[in-house]
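Residue numbers (our numbering): 397 to 1326.
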Amino acid sequence: MTGTSDSSATTSAPSASRAATEPLREDIRLLGGILGDIVREQAGEDVFDLVERARVESFRVRRSEIDRADLAEMFATIDTADAIPVIRAFSHFALLANVAEDVHRERRRAIHVRAGEPPQDSSLAATYAKLDAAPVDPEIAAAALAGALVAPVITAHPTETRRRTIFETQNRIMELMRRREWVSGDPGESDVVEKQLRRQVLTLWQTALIRLSRLRIQDEIEVGLRYYDASLFEVVPRINAELRDALRARWPESEVLADPMLRPGSWIGGDRDGNPYVTADVVARATHRAAETAIEHHLAELEVLERELSMSARLVTVTPDLEALADESADESAFRADEPYRRAVRGMRARLTVTAARILGHPAVHAVAGELQGYTGPAELLADLEVVDASLRSHGDGAVADDRLAQLRNSVEVFGFHLSGLDMRQNSEVHETVVAELLAWAGVHPDYRSLPEDARVALLSRELATRRPLAGPHAEFSELTTKELGILRAAADAVDRIGPEAIPNYVISMCESVSDMLEAAILLAEVGLFDPDGAEGPRCTVGIVPLFETIEDLRHGAETLTATLDVPVYRALVANRGQSQEVMLGYSDSNKDGGYLAANWALYRAELDLVRVAREAGIRLRLFHGRGGTVGRGGGPSYDAILAQPPGAVEGSLRITEQGEIIAAKYAEPRLARRNLEALVSATLESTLLDVEGLGDDAVPAYAILDELAELARVAYADLVHDTPGFVEYFKASTPVAEIGALNIGSRPASRKPTESISDLRAIPWVLSWSQSRVMLPGWYGTGTAFERWVGDDEDRLATLTDLYERWPFFRTVLSNMAQVMSKSDMGLAARYSELVPDAALREEVFGKIAAEHARTLAMYRAITGHDNLLWDNPALDRSVHNRFPYLEPLNHLQVELLRRYRAGDDSDGVRRGIQLTMNGLATALRNSG
C-alpha cells in the first residue's frame, strides 16, 4: 500500500488548486507508504502483494479499465484468514487519511490567516465583522442574547466505532504530523519524527480495531468524559471569555452574556428510551463521574496556580480581601509565610477538598489537608478566585491574572461542580404506564389509561396542585415502575448533592399530548423535583421538554404546546422558569417516517409554528435539535444548518446533539474543537442578530411550494419504504442490518421493540446499514420524484426552484447536504449488495426503484443548481471523495463476500470478525455513517 492517490487522481482543477493540495497528497503518500512497509514486515510479502493488487485494481475500476465484477471475482475465493489483514490494511489507511485531511485543513486555514485574507465564514472573527457591518442596536442585542445558550449535547447512542486506544494512537500520529511540518527544514529532526511515526503506525497495526465485548453504558460514560481532557476544558472557557469580551467591547453598556454562552451537556447515562441498561446506579455513576471530573480538574489547576503565584509580600502589596483570604486559609507553613497568594490558594484547595468529599463520598486525588468549611457551591469558589484576580491587578500583575487564573475562573463559571448537565429521557408510553400504576395504588383512579385526554389532563392537574406523594414507603410496584422510580430518585439525589445544574432537563420521547407533558411532571413531583406549592406557585428545577419526532407529531407540535400552556398549573410553572420553554425536535425518526425532504420541511414548518405560538403566549422558546451525524439523521455542517433555521427559531439559544464519529471528528483535540464550537456560536449569533433567511415578502409563496414538494416526496418515499411488499425483507437481506447488532458499538439494542417494523428500528442502524451498502437512501430518496413532478415541463417552475436555491439558506442547505450524501453513494456497489437478496423478483423491483430514483434525483439536482459536480461548494469533501473512495472499494466487496458466507452457514470467528472489521473500516472512511 503506497498511499499514493494513483495517477488517476489527477483532477481537472486548475494547477494552482493542485499545488495547494500537494502537501495533502504528500502526507497521504508518507502515511500510506509507512503503512505499506509495516504490512509487508508484519503480515508478509503475500499479504502485501494482495493489498497492493486490490488497490491497483480498485483504481482501474474508477478509470473504467476493468469491470467491477472482475474485482469482486478477485475476492470470491479468498481465504478468510487472508481477507482479515487486507480489511485491516484498508481500514487503517482510511484512519490515516482522516489524519492527513485534518492536518491539511489546519494548514490551509493558517495560510489564509497569514495571507491576511478575510476570516472564513463559521469563525467568530467573520461573525464579528458581519455584526460590525450591520450594525446591531445594543439594546436589541442585549435583549436577544439574554439567557443565551449554545449547548452541544453528547448523546448516549454513539456510532463511534473506534476504541479509546485507537483514538489515542491516532491523536499521537496527528501531533507528529504537525511536528513534521514545523521541523521540515531540519533533516535530522524530520528523520526523528518519521521514525516516531513508524512506531505509532506499527502500534496501530498491532492493536485490535474492534472490541471483544459490547460497550456498557459505564464505558460510554467514560468515552464521553474523555473529550473534556482532550479539548473541552481548554477550549470552552476560552471561547466564552473571548466572546464576552468581544461583544461587550462592541456594546459596552449592555452587560451582555452575564452567564457563559457555551455550555456542553450530556445524555450519556440519562437517556433510557428503549435502553433497558439505564438504571438508578447508571444515573448515579454518570452524575458522580461528571462531578468528579470537574472537581478534580479545578483542584489540579489550583495546585498549579499555587505554585505559580509565588509573589512575596515583601515585594508586592496585596488587597485587604486577599490578605484576609490568606489568613483564613489556616496555612501555617513557615515557607509560605510571606507568600499570601500561595496561602490563599492553599485555603481554596482545602475548602474544595472538603466539598469534593461531600459530593463524591471519597477523597479527591488532588486533595489537601485542612479543617476549613467546604464550598456550598461553585459561586463561592468563583468569588474567592475573583479576590485573587482583583489583588493581582491592583499591583500591576494583570498579565498574570489573564493566564491560568482567568482560565480557571472561566472553567468554574461554566463547569461548576457538575461538569455538564445530564438530561433524562424516557418514552411517553412508559410514563403513562408508570403513572397509571401509581394512581391505581394511591386510590386516585383504578384505570387511568382508560380515560379520555381531557379527563386525564383534569386528573393530573389536580394531582399537581398537591404535595401528597402517590407512593408510600412500603408500596410494591411492577418491575418497570420500581425501576423508573429508582432512576428518578437517583436524579433527585444528584440534584441534592451537586446542584440543580446536574439534571437540567427531562425529555419526553414520542410526546403527542398534554397528558404526556403532565405525566412527566407527576413523576418529577413524586421524587421532590417538582414542588407544586412554592412561595410563588409551582416550581421545578428540571425543565420538562417535549420531543416531537414523527412527521405527524411535528405537524401538531405547536398545537400540543399551546394546549399545555392553557393548563393553569403548567403555565404557572413556565412563568416561574423565567417564561422559558424548551422543545426538542427529532430529525432521525421524522426522516425514517417520511423521507429526507418531507422530514426537513416538517421540521422547518414545526419551528415556524412553535415560534408563532411562543410569541403569542409571551414565552421564550428554546429549540433542542436532535441531529445525528449523517444527513439522513439531520447531520451536515452545523453552521449552515443553524443559518437555515426559520426566523425567530434561534433567539440566542439552541441545544444540539452530537453523535457518533462526529463527536471525535469535532472534539478529539483542541484545534478541531475550537473550530467546531466557533461554528455553533457564530451561527447562533448571526441567526439571532442578523436577517439570514433572505426571502422577505416571498416567504409565504416559498413556503407553499415546499408544502407541495414535501408531500410529493413523502408519497414517493412511502411508496418504497412503507407500501412496497417485501421491502423490509429486501432491506434486511441487502444490508448488514442484522449483523450490526454484533458489532460492539454501543450499549443500546438495535430496535426499541422486538418487532420487524421499520418504525421500531432505531435510526442509527437504519442509516448505518444504508451507508455500509453505499445506497445512503435516508439522505435523498423521494426528493428527485418530488422535484420532477412539481416542475414537469414548466421552465418557469424550474427557474423558481433555482431562485430559491440561490436566495434561501434552508433550501440551499437541503440540496447541499443531499448532494454530499449522494457523492458518497455508489449504485454500482449497491447493486452488489442487492445480489444478497435471494428473491430475484423482489431484488429487481426494489433495487430498480432505488436506482431509478437515484438517477432522477441527480438529474434534478443538476437542473436546479446548474452544477454537474455534486461537491462544487465543498472542495475539501470533493478532494476527500476523489482521493480515498477507491480505497473503500475492497472493503465493500469483502463485506458482501463475507456476508454471503455468513448467511450460507459459515459462522466461524474469522467470518464474523471480518464482517465487523469491514463495518468499522467503512464507518471510519465515511466519517459520518450512523
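Idealized CB from N, CA, C, for every residue including glycine.
task = Please report how far the alpha carbon of residue 493 lies from the alpha carbon of residue 503, in whole angstroms.
result = In the sequence shown, counting from the first residue as 1, residue 493 sits at position 97. In the sequence shown, counting from the first residue as 1, residue 503 sits at position 107. The alpha-carbon atoms of residue 493 and residue 503 are separated by roughly 15 Å.
query = Around the C-beta of residue 583, are 16 or more other C-beta atoms found within 10 angstroms, so that it is buried, or is it exposed?
reply = What you label residue 583 is simply residue 187 of the sequence shown in a count that begins at 1. Exposed is the call here.
inquiry  = In chain order, what are the residue ranges of uninterrupted beta strand (DSSP E) at least 3 long that sit wholly in the segment 926–979?
reply    = The segment 926–979 contains these whole beta strand (DSSP E) runs: 926–930, 933–936 and 939–944.
request  = Going by CA-CA distance only, name the one from 897, 830 and 534 that's closest to residue 939.
outcome  = Locating residue 939 in the sequence shown gives position 543, counting from the first residue. Among 897, 830 and 534, the Cα nearest to that of residue 939 belongs to 897.
message = Please return the same chain residues whose Cβ sits closer than 6 Å to the Cβ of residue 1075, not counting the five positions on each side in sequence.
response = To locate residue 1075, count along the sequence shown from 1; it is residue 679. Only 518, 1034 and 1035 meet the Cβ criterion.
inquiry  = According to DSSP, simplified to helix, strand and coil, what is residue 1083?
reply    = Taking the sequence shown and counting its residues from 1, one reaches residue 1083 at position 687. Three-state result, residue 1083: helix.
request  = Decide yes or no for the touch test of the segment 1053–1065 against the segment 1013–1024: beta carbon pairs closer than 8 Å, at least 3 of them.
outcome  = The answer is yes - the segment 1013–1024 touches the segment 1053–1065, with three or more Cβ pairs under 8 Å.
query = Three-state secondary structure (DSSP) at residue 546?
reply = Position 150 of the sequence shown, counted from the first residue, corresponds to residue 546. Strand at residue 546.
task = List in chain order: all unbroken alpha helix (DSSP H) runs of 4+ residues lying wholly within the segment 805–844.
result = Qualifying alpha helix (DSSP H) stretches, in chain order: 824–837.
Bounding residues of the alpha helix (DSSP H) (the contiguous stretch that carries residue 1048) = Counting from one through the sequence shown, the residue named residue 1048 turns up at place 652. According to the DSSP assignment, residue 1048 belongs to no alpha helix (DSSP H), since it is labelled neither H nor E.
task = Give a yes or no on whether the C-beta atoms belonging to residue 895 and residue 813 are separated by under 8 Å.
result = Looking up residue 895 in the sequence shown gives position 499. Looking up residue 813 in the sequence shown gives position 417. Cβ atoms of residue 895 and residue 813: closer than 8 Å.
Which of helix, strand or coil DSSP assigns to residue 488 = Position 92 of the sequence shown, counted from the first residue, corresponds to residue 488. Three-state result, residue 488: helix.
request  = Would you mind giving the Cβ-Cβ distance between residue 701 and residue 777, rounded to the nearest angstrom? I have them listed as a contact below 8 Å.
outcome  = Position 305 of the sequence shown, counted from the first residue, corresponds to residue 701. Position 381 of the sequence shown, counted from the first residue, corresponds to residue 777. Not confirmed; about 12 Å, so no contact.
ask   = Is it the case that the Cβ atoms of residue 941 and residue 970 are separated by a distance below 8 Å?
value = Reading the sequence shown from its first residue, position 545 is the one you call residue 941. Reading the sequence shown from its first residue, position 574 is the one you call residue 970. No, Cβ-Cβ distance for residue 941 and residue 970 is not below 8 Å.
task = Pick out whichever of 748, 724 and 749 has its Cα sitting closest to the Cα of residue 737.
result = The residue you call residue 737 lines up with position 341 of the sequence shown. Comparing alpha-carbon positions, the option among 748, 724 and 749 lying closest to residue 737 turns out to be 724.
task = Return the CA-CA distance between residue 546 and residue 656, expressed in angstroms with no decimal places.
result = Taking the first residue of the sequence shown as position 1, residue 546 is located at position 150. Taking the first residue of the sequence shown as position 1, residue 656 is located at position 260. Distance between residue 546 and residue 656, taken at the CA atoms: about 9 Å.
query = With a Cβ-Cβ cutoff of 8 Å, do residue 1046 and residue 1038 count as a contact?
reply = Reading the sequence shown from its first residue, position 650 is the one you call residue 1046. Reading the sequence shown from its first residue, position 642 is the one you call residue 1038. Closer than 8 Å, so yes.
query = So, do the segment 907–922 and the segment 958–965 have three or more beta carbon pairs nearer to each other than 8 Å?
reply = The segment 907–922 makes contact with the segment 958–965: 3 or more CB pairs, one atom from each, lie closer than 8 Å.
Distance between residue 487 and residue 570 (C-alpha atoms, nearest Å) = On the sequence shown, residue 570 is found 174 positions in, with the first residue counted as 1. On the sequence shown, residue 487 is found 91 positions in, with the first residue counted as 1. Distance between the alpha carbons of residue 570 and residue 487 is about 17 Å.
task = Give the DSSP bridge partners of residue 903, in chain order.
result = As a first step, residue 903 must be located in the sequence shown, where it is residue number 507. DSSP links residue 903 through a beta bridge to 821 and 941.
message = I'd like to check one pair, residue 1044 with residue 1005: are the Cβ atoms closer than 8 Å?
response = Here residue 1005 refers to the residue found at position 609 of the sequence shown. Here residue 1044 refers to the residue found at position 648 of the sequence shown. Cβ distance not < 8 Å, so residue 1005 and residue 1044 don't count as in contact.
query = Is the beta carbon of residue 780 less than 8 Å from the beta carbon of residue 744?
reply = As a working note, residue 780 is residue 384 in the sequence shown. As a working note, residue 744 is residue 348 in the sequence shown. Their beta carbons are under 8 Å apart, which means residue 780 touches residue 744 by this criterion.
message = Can you find the residues in the same chain that come closer than 7 Å, C-beta to C-beta, to residue 585, ignoring five residues on each side of it along the sequence?
response = Translated into the one-based positions of the sequence shown, residue 585 becomes position 189. Setting aside the 5 residues that flank it on each side, residue 585 is surrounded in the same chain by 579, each with a C-beta closer than 7 Å to its C-beta; the list follows chain order.
query = Bridge partners of residue 669, per DSSP?
reply = For this step, residue 669 is matched to residue 273 along the sequence shown. Beta-bridge pairing links residue 669 to no other residue.
ask   = Under a three-way DSSP split, which group does residue 444 fall into?
value = Here the question's residue 444 lines up with position 48 in the sequence shown. Residue 444 carries a helical assignment under DSSP once its states are collapsed to helix, strand and coil.
Environment of residue 602 [buried if 16+ CB atoms lie within 10 Å] = Within the sequence shown, the letter at position 206 stands for residue 602. When all chains shown are included, residue 602 counts as exposed.
key: Separation of residue 530 from residue 540, as counted between CA atoms   = For the purposes of this step, residue 540 is identified with residue 144 of the sequence shown, where counting begins at 1. For the purposes of this step, residue 530 is identified with residue 134 of the sequence shown, where counting begins at 1. When rounded, the distance between both Cα atoms is 15 Å.
request  = Measure the alpha-carbon distance for residue 1229 versus residue 1165 and round it to whole angstroms.
outcome  = Locating residue 1229 in the sequence shown gives position 833, where the first residue counts as 1. Locating residue 1165 in the sequence shown gives position 769, where the first residue counts as 1. Their Cα atoms are separated by approximately 11 Å.
query = Which word fits residue 842, buried or exposed, when buried means at least 16 other C-beta atoms lie within 10 angstroms of its C-beta?
reply = For the purposes of this step, residue 842 is identified with residue 446 of the sequence shown, where counting begins at 1. That one is exposed.
Rounded separation between residue 804 and residue 753 - CA only = Residue 804 sits at position 408 when you count from the first residue of the sequence shown. Residue 753 sits at position 357 when you count from the first residue of the sequence shown. Going by the C-alpha atoms only, they are around 21 Å apart.
inquiry  = Give me, in chain order, the residues of the same chain whose beta-carbon lies closer than 7 Å to that of residue 1088; leave out the 5 immediate sequence neighbours on both sides.
reply    = In the sequence shown, the residue the question calls residue 1088 occupies position 692. Excluding residues within five positions, the ones whose Cβ falls inside 7 Å are 1039, 1082 and 1205.
ask   = To which residues of the same chain is residue 592 closer than 7 Å at the C-beta, ignoring the five residues directly before and after it?
value = Sequence index remark: in the sequence shown, residue 592 carries index 196 (1-based). Once the five neighbours on either side are set aside, the close Cβ partners of residue 592 are 572.
request  = Please name the residue in 1092, 677 and 972 whose C-alpha comes closest to that of residue 932.
outcome  = Position 536 of the sequence shown holds residue 932. Nearest of 1092, 677 and 972 to residue 932, Cα basis: 972.
message = Counting C-beta neighbours from all protein chains within 10 Å, is the total for residue 1313 16 or more, i.e. buried, or is it exposed?
response = Counting from one through the sequence shown, the residue named residue 1313 turns up at place 917. Residue 1313 comes out buried.
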